[in-house]
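What follows is a single structure, written as structure tokens, with notes after it.
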Amino acid sequence: MAEDRKQKVRALLDAVRSEGRLALTAPEGKVIADAYGIAVPGEEVAGDVDEAVAYAARFGGPVVMKIVSPDILHKTDAGGVVVGVEGAADVRAAFHRIVTNARAYDATARVEGVQVQELLPQGQEVIVGAVTDPTFGKVVAFGLGGVLVEVLRDVTFRLAPVSADEALSMLDSVRAAEVLRGVRGQAGVDRWAVAEQIRRVSQLVTDFPEIGEVDLNPVIATPEGAVAADIRVILAERQPPPRRRYAREEILASMRRLMEPSSVAVIGASNEPGKIGNSVMRNLVDGGFAGEIHPVNPKADDILGRKAYRSVIDVPGEVDVAVFAIPARFVAAALEEVGRKKIPNAVLIPSGFAETGEIALQDEIVAIAERHGVRLLGPNIYGYYSTWHDLCATFCTPYDVKGGVALTSQSGGIGMAVLGFARTTRTGVSAIVGLGNKSDLDEDDLLTWFGQDPHTDCVAMHLEDLKDGRAFVAAARETVPRKPVVVLKAGRTAAGAKAAGSHTGALAGDDAVYDDILRQAGVIRAPGLNDMLEYARALPVLPTPRGDNVVIITGAGGSGVLLSDAVTDNGLSLMEIPPDLDAAFRRFIPPFGAAGNPVDITGGEPPSTYEATIRLGLEDPRVHALVLGYWHTIVTPPMVFAELTARVVAEFRERGIEKPVVASLAGDVEVEEACQYLYAHGVVAYPYTTELPVEVLGAKYRWARAAGLLGGGS
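Numbering (my numbering), first residue to last: 479 to 1192.
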């Protein structure tokens, strides 16, 4: 049956294309809708006014009449739609008016007739559609129709095809989701019927990639079902060329030799300080890389005490990585030699390629690399660090603090910000990798590697674009169940779809699509650079929560209010304190304090009150995470608070009770040292902010949900 359905649609699309058309007529759209079970109202195409009268009488009620013309895409703009027509006289008048308006709109337009369609009952208008996104391919969209979609642009997106559950989740992802559930005494819509319209559209565009856009607008959703009043289908002008993809095993094989090399050649190595080739060599040597380092320079006999070779061909034995530190114009010839030497990886530091308009030069090196099976990192990058192998293949400052965070950036400047942050906060990293122009290796390759790398606990990526959004999503879905992936996506401006032929296309702004699909993949999106770095630093420190109940314990009522706001803003749940736990808290706080949530112990309390209430929160299995609000007093100085908190958390950890604990410290400069101490002992703490500790906790919760550790989806 499914094959028959596809054959029917295939024949129709081929016929439309053979006529040189891209837009299907409404009757052709109905053929597709019927084939895919997309609910549409009863309708017929009348070739003359008498047929229109007969069809309207058969439907037995008010009808909608629309022009049918392969040359008129936007029927309403042409005056080709009349709604609520009833009775033979009105049908005749509407028929003539529609045809006359169409002729006036475009005298050359072919008119095939007038569509007579059942008038649907009143209900909630929604829009369901699909577009072809340049990054992610087929994307399905859903939003509330009418004024809401035009003015508020309240639309959500998912990669097609979607499952039934993913389609249903889209109804809860729009800002006006409550409208669909029913408000002010009105019944909610049939959610499964709406979700099924979404799912079927997503399957249609998956089965037929040549369909550029589908627009069901509006879909009338009622408590009894969901019916598309109009279906618009537009074919793509051309199919994008297929991108070369590598199997997971191929990616891991080359990435292993890149990140864990035994031998590195530096093409353009130099003895002259200030040269990039000298900086790369010095970083490799001074960084303690234990493998072989081979300088390549036809004008030198030795560089930094190591024998230099005229060509990489002359280097003895196997080489895992060739680092290029030569001008762009010389790269192609040297890359040919790298290919002949069968070196699997080339790290291209030089600029002067596509980023400066030299697209042909970049295309040339990509072709050379593909011909020889060489993977390219760059060009136009600062290099890369693989700390667990003491590898610093970059012309920037060295960094050797080993840890579990892998950081990547498309920009050199951002890469150096990453480096400075890591040094200041003593954040241990497993790798820092520049991607630059991404002529070949990109985020999905790196994510495939870091996802299984035992040295990496969290991956943080700055990106301006994705070459292959679907490959990235596949790699993220593979990685997220094991470790968090944080993304800073630059460029939030919604450019929209160029020359969009449908409402859905016009609404598909670049950033909106990225936002929803990164969430669909389980990725944590950071709003800014500092957020990305703080998330990456904190997430490996925090234990995974086992439930949604968050409790705030604070020594300052004002901080408690701000922390409560932050909890709500980050989608977390303030626990309703049960009576027995409330009574237990009250035993330790003064009468003028406040139990409930936040638990306000007031500012004048000694260390013992902080300790007792924190112990209660950790001890009670109904509490899943603690947010601590401290303010500086002489009664409980900052380091006293930090030491007691760290001690209690460590004690419970030894007993097998691990809960995420974050802290906000307000006070004089001593709170900075206290925060550093807490962070070093497993409590994520920040001075002078109530927002950041809760944002970090929220990020941990988002990952835990995406990884399926809390339930409820992402």
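All C-beta atoms, glycine included, are put in the ideal place defined by N, C-alpha and C.
Everything numeric in this text was worked out from a predicted model, so none of it was measured.
Quick check: the Cα distance between Asp935 and Ile804, rounded to an integer number of angstroms? 35 angstroms
Which residues bound the alpha helix (DSSP H) around Ser1037? Gly1035 to Asp1047
Below 7 angstroms CB to CB, which residues in the same chain sit around Glu815 once its five sequence neighbours on both sides are set aside? Ser789, Val790 and Ile791
So, under 8 angstroms CB-CB, Ala448 and Ile1055 are touching, yes? Tell me the CB distance rounded to an integer number of Å. Nothing about residue 448 can be read from this structure; the chain reaches only from 479 to 1192.
Three-state secondary structure (DSSP) at Ala823? First, the residue type needs correcting, since residue 823 is Asn and not Ala in the sequence shown. Note: Asn823 maps to strand in three-state DSSP.
Compute the Euclidean distance between the alpha carbons of Arg960 and Gln681, then round it to the nearest angstrom. 30 angstroms
How big is the Cα-Cα spacing for Leu1175 and Leu762? 38 angstroms
Please tell me whether Val1029 and Gly1081 are closer than 7 angstroms, where the distance is taken between their beta carbons. no
Starting from Arg853 and walking both ways along the alpha helix (DSSP H), at which residues does that stretch end? Note, Arg853: premise wrong, no alpha helix (DSSP H); beta strand (DSSP E) at Arg853 to Leu855.
Ser547: CB within 6 angstroms of a non-hydrogen atom of the ligand ATP: No copy of the ligand ATP occurs in the structure displayed, which carries no ligand at all.
Using only alpha-carbon positions, find the residue among Asp693, Thr634 and Lys508 that is nearest to Val594. Lys508
In whole angstroms, give me the CA-to-CA distance for Ala517 and Gly703. 9 angstroms
With burial defined as no fewer than 16 other Cβ atoms inside 10 Å of the residue's Cβ, what is the status of Phe802: buried or exposed? buried
Would you call the CB atoms of Gly755 and Ala768 closer than 7 angstroms? no
Cβ-based neighbour list, Glu833, same chain, cut-off 7 angstroms, excluding 5 preceding and 5 following: Asn858 and Asn915
Sequence-distant residues of the same chain with beta carbon closer than 7 angstroms to Glu942, five excluded per side: Gln888, Ala968 and Gly969
Grouping DSSP H, G and I as helix and E and B as strand, with all else coil, what is Tyr1088? helix
So what's Gln595 in DSSP terms, helix, strand or just coil? strand
What span of residues does the alpha helix (DSSP H) with Ala704 cover, start to end? Taken as a continuous stretch (DSSP letters only), Ala704 belongs to no alpha helix (DSSP H), being part of the beta strand (DSSP E) at Gly703 to Ala706.
May I ask which residues mark the beginning and end of the beta strand (DSSP E) holding Phe620? Gly615 to Leu622
Per the contact definition of three or more C-beta pairs closer than 8 angstroms, is the stretch 528-541 in contact with the stretch 492-512? no
Suppose only complete runs of 4+ residues qualify. What are the alpha helix (DSSP H) ranges in the stretch 1098-1177, listed by chain order? 1116-1132 and 1148-1158
Beta-carbon separation (whole angstroms), Leu500 vs Ile712, contact threshold 8 angstroms: 6 angstroms
Under the three-state reduction of DSSP, which class applies to Leu637: helix, strand or coil? strand
May I ask which residues mark the beginning and end of the alpha helix (DSSP H) holding Lys486? Ala480 to Ser496
Please tell me whether Ala871 and Tyr877 are closer than 7 angstroms, where the distance is taken between their beta carbons. no
Smallest Cα separation from Asn579: which of Asp555, Pro599, Glu590 and Val563? Asp555
Let's see if you can read the secondary structure: which residues bound the alpha helix (DSSP H) around Pro505? Ala504 to Tyr514
In whole angstroms, what is the alpha-carbon distance linking Gly1001 and Val692? According to the sequence provided, residue 1001 is Val. The question's Gly does not apply to it. Going from the Cα of Val1001 to the Cα of Val692 covers about 27 angstroms.
7 angstroms CB neighbourhood of Gly471 in its chain, flanking five on each side removed: As shown, the chain starts at 479 and ends at 1192. That puts residue 471 outside it, with no answer to give.
Is the separation between the beta-carbon of Leu919 and that of Leu855 shorter than 7 angstroms? yes
For Thr634, which residues in the same chain have their Cβ closer than 6 angstroms to its Cβ, ignoring the five residues on either side in sequence? Phe620, Met648, Ser651, Val652 and Asp994
Spatial neighbours of Trp866 within its chain, please: C-beta separation below 7 angstroms, excluding the five flanking residues on both sides. Lys880, Ser908 and His933
In the DSSP assignment, find the beta strand (DSSP E) that holds Val711 and state where it starts and stops. Ile709 to Leu713
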